[in-house]
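Enquirer:
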Amino acid sequence: MALPKINPTHTKAWVKLQEHFKGIKDVHMMQWFSEDKNRASDMTIRWEDFYVDYSKNRMDAKTMELLLELADETQLRTAIDKQFQGDIINETEGREVLHTALRSPKSAKVTVEGQDIMPEIHEVKLKIKDFTTDIVDGKRKGYTNKAFTDVVNIGIGGSDLGPAMVVDALQYYKNHLTTHFVSNVDGDHVNEVLKKLNPETTLFVIVSKTFTTQETLSNANTIKDWFLKSASENDVAKHFVAVSTNIENVKNFGIDENNIFPMWNWVGGRFSLWSAVGLSISLGAGYDNFDKLLAGAHDMDEHFKSADFNTNLPVVLALIGIWYTNFFKSESEAVIGYSQYLNQFATYLQQANMESNGKSVDRNGDKVTYQTGNIVWGEPGTNSQHAFFQLIHQGTKLIPADFIGFGKSLHGNKDHQDKLMSNFIAQTEALLNGKSKNEVVSELKSQNTSEDTIQQLMPFKVFEGNKPTNTLLIDQLTPESLGKLIALYEHKIFVQGVIWNVYSYDQFGVELGKQLATNILKEISTTETIVNHDSSTRNLLEHYKNFS
Ligand code: F6P
Numbered sequence: 003m004a005l006p007k008i009n010p011t012h013t014k015a016w017v018k019l020q021e022h023f024k025g026i027k028d029v030h031m032m033q034w035f036s037e038d039k040n041r042a043s044d045m046t047i048r049w050e051d052f053y054v055d056y057s058k059n060r061m062d063a064k065t066m067e068l069l070l071e072l073a074d075e076t077q078l079r080t081a082i083d084k085q086f087q088g089d090i091i092n093e094t095e096g097r098e099v100l101h102t103a104l105r106s107p108k109s110a111k112v113t114v115e116g117q118d119i120m121p122e123i124h125e126v127k128l129k130i131k132d133f134t135t136d137i138v139d140g141k142r143k144g145y146t147n148k149a150f151t152d153v154v155n156i157g158i159g160g161s162d163l164g165p166a167m168v169v170d171a172l173q174y175y176k177n178h179l180t181t182h183f184v185s186n187v188d189g190d191h192v193n194e195v196l197k198k199l200n201p202e203t204t205l206f207v208i209v210s211k212t213f214t215t216q217e218t219l220s221n222a223n224t225i226k227d228w229f230l231k232s233a234s235e236n237d238v239a240k241h242f243v244a245v246s247t248n249i250e251n252v253k254n255f256g257i258d259e260n261n262i263f264p265m266w267n268w269v270g271g272r273f274s275l276w277s278a279v280g281l282s283i284s285l286g287a288g289y290d291n292f293d294k295l296l297a298g299a300h301d302m303d304e305h306f307k308s309a310d311f312n313t314n315l316p317v318v319l320a321l322i323g324i325w326y327t328n329f330f331k332s333e334s335e336a337v338i339g340y341s342q343y344l345n346q347f348a349t350y351l352q353q354a355n356m357e358s359n360g361k362s363v364d365r366n367g368d369k370v371t372y373q374t375g376n377i378v379w380g381e382p383g384t385n386s387q388h389a390f391f392q393l394i395h396q397g398t399k400l401i402p403a404d405f406i407g408f409g410k411s412l413h414g415n416k417d418h419q420d421k422l423m424s425n426f427i428a429q430t431e432a433l434l435n436g437k438s439k440n441e442v443v444s445e446l447k448s449q450n451t452s453e454d455t456i457q458q459l460m461p462f463k464v465f466e467g468n469k470p471t472n473t474l475l476i477d478q479l480t481p482e483s484l485g486k487l488i489a490l491y492e493h494k495i496f497v498q499g500v501i502w503n504v505y506s507y508d509q510f511g512v513e514l515g516k517q518l519a520t521n522i523l524k525e526i527s528t529t530e531t532i533v534n535h536d537s538s539t540r541n542l543l544e545h546y547k548n549f550s
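Take the numbering used here: the final residue in the sequence shown is number 550, and no numbers are missing along the way.
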């Protein structure tokens, strides 16, 4: 039932990788490119509309062979099967992990505790479809009988980041509805959003798996109070819907039972955009596009389940990540989408990745002795080139980066697209090649620079190169390809968690801060002298109380 519990550092492959690392850690990738004319094609995976070139990595064929041995020794295949067949692999929470079922066709057979879950999933999908059609077509109206113009998603973490990222990414496909997101408990967030809204034409979608989250409930209450300034309690049913597993709490909030979109405990929050949590995606981009997003993700699921590991995109990318994290000891990885539509992709991935694999206790309950959970960050290109690329090119840290681009633009302006993609291609070339002393000298000479100045400037103008990148070139940004891309990273995270021997689907690390904030909130309103806490926390609390 449970996932294998193998310490990766105790495998034969790990020991071999350590030895192998010593031999190749200082090799410049350019050496491999000049020795092996087939390197790029051998290290490129073509799958459907994806072209993934991982040849610009500090690894050779032997490295991949050993990493694949590591995957085998840590029983990755068994783990994948267990996830898809609905075993309780989220052992610490006693749950199955079945976000993949949400994007499976109706004919699939997936059971939880002996019950086929596909009919329920498709019943909710139908509810999403009907609701979306009614709102988009203006059949379902607000309390003054006007059609809806705006949708507000009220949620945080997985109940915000996934939908927000996808709605942004699929802007090109959007309909007339304007979608807004309120997540932060900082009142500025809700305030600024409310300024843009008319209560008569706004639909509010409260998304909370648990329906106990402080931020979401505070924002939902503030919004309801605002709504009731112009409407009556009876009108709430027309304007508020909820997505949750906690039907009781939703009803207590005052939401009509017909306006509840259920979800299930076997869907983790950060993997939930495929469920009714994606209602705002369906509303904003239309149900058909939501369905296509799911279909794309399902294609990636099938690829992940069935492709050999050496051509399996999530597996290969996960292994490359492990190579840098555990052998080169890199601490972070950048994800650079060469598309403004991927503006929120890195932010979304931060939760998916860091909440999943930011763990220091393994599946045996022992403290790990190796690195897990990379820091993920990034911004779209080309903006990022003018911001933090300096550090990637010439800084002291090794930062492997994924470059994601789309061959065909949606806007159709060839000039912009060619410029964007020339940057996309040039940057990985620059990171690989660098610029040698000789190249710097001849460049400066060609600009008639004096010998003295050349010598002075040279150290600053040299680029070492040898900076690793993966290039993901996808035909075009469509709901399907976006679905595939998201599922690719989801599975990459799972593979890394399996190999690192951590539980990727719990998140106990977010609890302590929440508990302490609850205590501090009570102390803020007390007039009694505060005696708890360390002196720093106590002083901060006392100082803050001066403001209230
Ligand atoms: O704080 C972490 C977390 O539990 C996430 O895992 C989750 O996505 C988020 O809070 C929101 O939770 P909920 O959907 O239950 O409001």
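Even glycine gets a Cβ: it sits at the ideal position worked out from N, Cα and C.
Since the model is a prediction, treat every value here as computed from it, not as a measurement.
Helix, strand or coil: how does DSSP classify Val-269 here?
Expert: coil
Enquirer: Which runs of the alpha helix (DSSP H), 4 residues or longer, sit entirely within the segment 427-503?
Expert: 439-448, 453-463, 481-502
Enquirer: Is the segment 250-268 in contact with the segment 429-446, if contact means three or more CB pairs nearer than 8 Å?
Expert: no
Enquirer: So, at 6 Å on beta carbons, what are the nonlocal neighbours of Leu-78 in its own chain, with the 5 sequence-adjacent residues on each side left out?
Expert: Val-500
Enquirer: Tell me which residues share the same chain as Trp-268 and place their Cβ nearer than 7 Å to its Cβ, disregarding the 5 neighbours each side in the sequence.
Expert: These residues qualify, in order along the chain: Arg-97, Glu-98, Val-99, Leu-100, Val-114.
Enquirer: Measuring CA to CA, which of Met-61, Asp-28, His-30, Ala-432 is closest to Asp-44?
Expert: When only C-alpha atoms are compared, the closest one is Met-61.
Enquirer: List the endpoints of the continuous alpha helix (DSSP H) containing Tyr-340.
Expert: In the DSSP assignment, Tyr-340 falls outside any alpha helix (DSSP H) and within the unbroken beta strand (DSSP E) covering 334-340.
Enquirer: Indicate the three-state DSSP secondary structure (helix, strand or coil) for Trp-276 in the structure shown.
Expert: coil
Enquirer: The alpha helix (DSSP H) that contains Asp-83, what's its start and end?
Expert: It spans 78-86 - the alpha helix (DSSP H) in which Asp-83 sits, taken as one unbroken run.
Enquirer: Please work out which residues of its chain come closer than 7 Å, Cβ to Cβ, to Pro-316, disregarding the five sequence neighbours upstream and downstream, and give them in chain order.
Expert: Excluding positions up to five away in sequence, the list reads Phe-306, Leu-490, His-493, Lys-494, Val-497.
Enquirer: Does the count of Cβ pairs from the segment 147-167 and the segment 272-283 closer than 8 Å reach three?
Expert: yes
Enquirer: So what's Leu-351 in DSSP terms, helix, strand or just coil?
Expert: helix
Enquirer: Residue range of the alpha helix (DSSP H) that Lys-226 falls in?
Expert: 216-230
Enquirer: Quick one: measure Cβ to Cβ for Pro-204 and Asp-132, integer angstroms, because I've assumed they're closer than 8 Å.
Expert: Here residue 204 turns out to be Thr, not Pro, going by the sequence shown. Not really, about 20 Å apart at Cβ, beyond 8 Å.
Enquirer: Under a three-way DSSP split, which group does Asn-198 fall into?
Expert: In the sequence on display, residue 198 carries Lys and not Asn. In this structure, Lys-198 counts as coil in the three-state DSSP scheme.
Enquirer: Between which residues of its own chain and Thr-471 is the CB-CB distance below 6 Å, once the five residues before and five after are set aside?
Expert: Lys-58, Ala-403, Phe-405, Thr-430, Leu-433
Enquirer: Should the segment 202-220 be called in touch with the segment 233-243, which here means at least 3 C-beta pairs below 8 Å?
Expert: yes
Enquirer: Leaving out the 5 sequence neighbours to the left and right, which residues in its chain are closer than 8 Å to Asn-355 when beta-carbon positions are compared?
Expert: Gly-375, Asn-376, Val-378, Tyr-491, Ile-495
Enquirer: When you compare each of Lys-469, Leu-523, Leu-446 to Phe-462 by their alpha carbons, which one comes out closest?
Expert: Leu-446
Enquirer: If we ignore side chains and look at the alpha-carbon of each, how far apart do Leu-523 and His-535 end up?
Expert: 14 Å
Enquirer: Buried or exposed: Phe-551, going by 16 or more other Cβ atoms within 10 Å of its Cβ?
Expert: This structure cannot settle anything about residue 551, because the visible part of the chain is limited to 3 through 550.
Enquirer: Is any heavy atom of ligand 1 found at a distance shorter than 7 Å from the C-beta of Gln-509?
Expert: Gln-509: yes, Cβ under 7 Å from ligand 1.
Enquirer: Does the segment 472-485 touch the segment 408-419, meaning 3 or more C-beta pairs lie closer than 8 Å?
Expert: yes
Enquirer: Using a threshold of 7 Å, is the CB atom of Val-154 nearer than that to any non-hydrogen atom of ligand 1?
Expert: no
Enquirer: What are the boundary residues of the alpha helix (DSSP H) that includes Ser-506?
Expert: No alpha helix (DSSP H) contains Ser-506, which DSSP labels as neither H nor E.
Enquirer: Do Pro-264 and Val-126 have their beta-carbon atoms positioned less than 8 Å apart in this structure?
Expert: Cβ distance < 8 Å, so Val-126 and Pro-264 count as in contact.
Enquirer: Using the DSSP secondary-structure output, state which residues sit across from Gly-407 in a beta bridge.
Expert: Tyr-340, Leu-475
Enquirer: Tell me where the alpha helix (DSSP H) around Arg-540 begins and ends.
Expert: 537-547
Enquirer: Does His-56 come out as helix, strand or coil in the three-state DSSP assignment?
Expert: Here residue 56 turns out to be Tyr, not His, going by the sequence shown. Correct three-state label for Tyr-56: coil.
Enquirer: With a threshold of 16 other CB atoms inside 10 Å of the CB of Asn-221, please say whether the residue is buried or exposed.
Expert: buried
Enquirer: Please list the segments of the alpha helix (DSSP H) lying wholly inside the segment 80-150, counting only runs of 4 or more residues, in order along the chain.
Expert: 101-104, 120-138
Enquirer: Along the chain, where does the beta strand (DSSP E) containing Ser-36 start, and where does it finish?
Expert: Here Ser-36 belongs to no beta strand (DSSP E); instead the alpha helix (DSSP H) covers 31-37.
Enquirer: Under 8 Å by Cβ, that's how I've got Phe-553 and Gly-436 pegged, so tell me the actual separation to the nearest angstrom.
Expert: The displayed coordinates of the chain run from 3 to 550. Any statement about residue 553 would go beyond what the structure contains.
Enquirer: At a cut-off of 7 Å, is Ser-506 close to ligand 1 when judged by its beta-carbon and the heavy atoms of the ligand?
Expert: no
Enquirer: Would you decide whether Gly-116 is buried or exposed? Buried here means 16 or more other CB atoms lie within 10 Å of its CB.
Expert: exposed
Enquirer: Grouping DSSP H, G and I as helix and E and B as strand, with all else coil, what is Asp-258?
Expert: In the structure shown, Asp-258 falls within a coil segment according to DSSP collapsed to helix, strand and coil.
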